[in-house]
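Numbering (our numbering), first residue to last: 10 to 326.
All residues carry an ideal CB built from backbone N, CA and C; glycine is no exception.
Everything on this sheet refers to the single structure shown next.
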Ligand SMILES: NC(=O)c1ccc[n+]([C@@H]2O[C@H](COP(=O)([O-])OP(=O)(O)OC[C@H]3O[C@@H](n4cnc5c(N)ncnc54)[C@H](OP(=O)(O)O)[C@@H]3O)[C@@H](O)[C@H]2O)c1
């Protein structure tokens, strides 16, 4: 497993990170037992993955807490988050939440602690009223670095992270980026590189890039919306030109994200051991040929209206 330095944190991280949240929650969403969920994570750790992302709302913090027992904590990088949506977040709820995360994760520090799914309208409040609590927790040694993640399906032009990078208050950001929606390249990744901010990518696959049948539907929809030029793609097999250099659509999707300049960790969420094995192999494969990358950039250059999860992106209730 390739590793890199997570920006200014200087943490050494695997290029593939385990996403312990939606859609799979390490298998919780697909009916796996707790012990099977723990085994998925152990399988990833044994293969060289040392980065895992979770949150107070995923109910996977206790699974991670169990999976790290008996391992060298200093080599594992844990990212967890405090959700900021719907409930008003206060310094008190942050403190309580952090205490609970530490207990569930069975650790005395968190490597990257982020505000989760921050929508643009909440950003100012979180900086003025909550950020100081994160700084204090950092001074107390409970967290090592402070991060922020966007709500991609509501903020597809990355307003939150644009603000966050201008303010330069955050050591790590999590951004939505994939073959279909590449808007983060200009909006986020360039500035993150300038500021040496650590970058986690989410949404590398989601629905559109997990199966070719779904991709065809998304491409047809984006052609109808005028965001893809039909002369650029063969609708029967939109990414067929990648067949010579990739083994599957997810393989292409992960390698595309991994080698995007500015990206450090690509999160991969699964509860399926076969998918995990395949994904681990993808991260060991060489870069996609440059001509293929440029063709993907060209085909999807005007796509702004989807995250790859749904053709009608709607805010969560
Ligand atoms: N705002 C936020 O902060 C936020 C929001 C969303 C996600 N996240 C983080 O990002 C992580 C990853 O989420 P994501 O959105 O980036 O999801 P993703 O990894 O793009 O997609 C995961 C989906 O792809 C499937 N999958 C995985 N490998 C596959 C393969 N080889 N072949 C076919 N299907 C495959 C999984 O199903 P199986 O289980 O069947 O494999 C799952 O349904 C989350 O776990 C969470 O940690 C953060």
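Buried/exposed call for residue i, threshold 16 Cβ in 10 Å
| i | result |
| --- | --- |
| residue 244 | exposed |
| residue 260 | buried |
| residue 125 | buried |
| residue 59 | buried |
| residue 19 | exposed |
| residue 190 | buried |
| residue 157 | buried |
| residue 49 | buried |
| residue 325 | Low per-residue confidence applies at residue 325: pLDDT is 46, beneath 50, and the placement is therefore not dependable, though the value from the model is reported in the following sentence. So residue 325 counts as exposed. |
| residue 288 | buried |
| residue 22 | buried |
| residue 337 | The structure shown does not extend to residue 337, since the chain spans only 10 to 326, so no value can be given for it. |
| residue 309 | buried |
| residue 76 | buried |
| residue 44 | exposed |
| residue 14 | exposed |
| residue 97 | exposed |
| residue 70 | buried |
| residue 233 | exposed |
| residue 93 | buried |
| residue 323 | In this prediction, residue 323 scores a pLDDT of 49, lower than 50, which makes its location untrustworthy; no coordinate-derived value is stated. |
Where the alpha helix (DSSP H) through residue i begins and ends
| i | result |
| --- | --- |
| residue 209 | It is not in any alpha helix (DSSP H) - residue 209 instead sits in the beta strand (DSSP E) that spans 207 to 211. |
| residue 307 | 299 to 308 |
| residue 1 | The requested residue 1 is not part of the displayed model; the chain covers only 10 to 326. |
| residue 131 | 129 to 134 |
| residue 143 | 140 to 148 |
| residue 104 | 100 to 114 |
| residue 55 | 43 to 55 |
| residue 291 | 282 to 293 |
| residue 265 | 258 to 267 |
| residue 192 | Run containing residue 192: none; DSSP gives neither H nor E here. |
| residue 169 | 168 to 176 |
| residue 74 | 70 to 76 |
| residue 202 | 199 to 204 |
Of the listed residues the options, nearest to residue i (C-alpha basis)
| i | options | result |
| --- | --- | --- |
| residue 110 | 62, 141, 132, 148 | 62 |
| residue 91 | 101, 309, 75, 276 | 101 |
| residue 198 | 273, 231, 124 | 273 |
| residue 217 | 320, 19, 254, 67 | 320 |
| residue 291 | 192, 200, 258 | 258 |
| residue 285 | 37, 56, 255 | 56 |
| residue 117 | 149, 143, 141 | 149 |
| residue 159 | 233, 137, 277, 209 | 209 |
| residue 200 | 140, 271, 25 | 271 |
| residue 154 | 128, 130, 121 | 121 |
| residue 227 | 188, 253, 207 | 188 |
| residue 304 | 241, 262, 108, 222 | 241 |
| residue 144 | 297, 230, 123 | 123 |
| residue 140 | 163, 164, 180, 165 | 180 |
Enclosing beta strand (DSSP E) for residue i [first to last residue]
| i | result |
| --- | --- |
| residue 159 | 152 to 159 |
| residue 186 | That residue, residue 186, is in no beta strand (DSSP E); it is neither H nor E in DSSP. |
| residue 27 | 25 to 28 |
| residue 276 | 274 to 277 |
| residue 87 | 86 to 92 |
| residue 62 | 60 to 62 |
| residue 316 | Careful: residue 316 lies outside any beta strand (DSSP E) and carries neither H nor E. |
| residue 14 | 12 to 14 |
So does the region 266 to 276 actually touch the region 245 to 253, counting three or more Cβ pairs closer than 8 Å? Output reads no: the region 245 to 253 does not touch the region 266 to 276.
Three or more C-beta pairs below 8 Å linking the region 77 to 88 and the region 304 to 318: In short, these stretches do not touch, since the Cβ pair count stays below three.
Would the region 102 to 121 count as touching the region 65 to 75 if we require 3 or more Cβ pairs under 8 Å? Between the region 102 to 121 and the region 65 to 75 there are three or more inter-stretch CB-CB distances shorter than 8 Å, so the stretches are counted as touching.
Would the region 162 to 179 and the region 23 to 37 be scored as touching if the rule is three or more Cβ pairs under 8 Å? Of all C-beta pairs linking the region 162 to 179 to the region 23 to 37, fewer than three are shorter than 8 Å, placing the two stretches out of contact.
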